[in-house]
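**Student:**
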Amino acid sequence: MSQEVTEDRLDTIFKLQKGLSEMMKLDRYPKDSEGRVSALCTAIMHEAVELQRTTNWKWWKTPSKFNEEEAREELIDIWHFVVQASLELNLTPDDIVAEYKKKNEINRERQRNGY
Numbered sequence: 079m080s081q082e083v084t085e086d087r088l089d090t091i092f093k094l095q096k097g098l099s100e101m102m103k104l105d106r107y108p109k110d111s112e113g114r115v116s117a118l119c120t121a122i123m124h125e126a127v128e129l130q131r132t133t134n135w136k137w138w139k140t141p142s143k144f145n146e147e148e149a150r151e152e153l154i155d156i157w158h159f160v161v162q163a164s165l166e167l168n169l170t171p172d173d174i175v176a177e178y179k180k181k182n183e184i185n186r187e188r189q190r191n192g193y
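Residue numbers for the sequence shown, in my numbering: 79 to 193.
Here is the structure:
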């Protein structure tokens with residue numbers, strides 16, 4: 079990796095998402111924070127189903143070749159909505175790293191204790 083990384087990657091993603099959201103026509107987007115987070119949760123769930131559809135989860139159906147490119151695109155759709163929800167909740171990239179570390183340690187402790 080280059081030593082000349084001038085901007086954190088997560089900061090870059092947040093800036094790109096903020097710019098995208100500023101371009102969107104949002105007249106149908108909920109006006110309150112809770113409504114927006116709820117709408118984003120719905121979008122995340124639907125995108126997760128689209129991602130799942132790229133897999134051969136139907137055990138009763140003849141499997142097809144896994145399309146990793148399509149799966150990646152669906153995963154990035156989820157990232158868009160997760161980052162937007164983060165923005166709606168006033169989370170910064172630093173907040174996310176801190177919260178992730180905190181929850182990761184909880185999960186590690188659970189695994190150590192036979193959760």
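Even for Gly, the Cβ is constructed at its ideal location relative to N, Cα and C.
How would you label Glu125, buried or exposed, when you count the other beta carbons within 10 angstroms and need 16 or more for buried?
**Tutor:** Buried: at least 16 other Cβ atoms inside 10 Å.
**Student:** In whole angstroms, what is the alpha-carbon distance linking Asn145 and Leu88?
**Tutor:** Whole-angstrom Cα-Cα distance: 26 Å.
**Student:** At which residue ranges does the segment 82-168 contain complete alpha helix (DSSP H) runs of 4 or more residues, listed in the order of the chain?
**Tutor:** For the segment 82-168, whole alpha helix (DSSP H) runs of length 4 or above, ordered along the chain, are 87-101, 111-130, 146-166.
**Student:** How many angstroms separate the CA atom of Lys139 from the CA atom of Gln130?
**Tutor:** Rounded to the nearest angstrom, the two C-alpha atoms are 14 Å apart.
**Student:** Which same chain residues, not among the five before or five after Ile122, have their C-beta less than 8 Å away from its C-beta?
**Tutor:** So the qualifying residues of the chain are Ile156, Phe159, Val160, Ala163.
**Student:** Is Pro182 helix, strand or coil when you go by DSSP?
**Tutor:** Looking at the sequence shown, residue 182 is not Pro but Asn. Helix, per DSSP.
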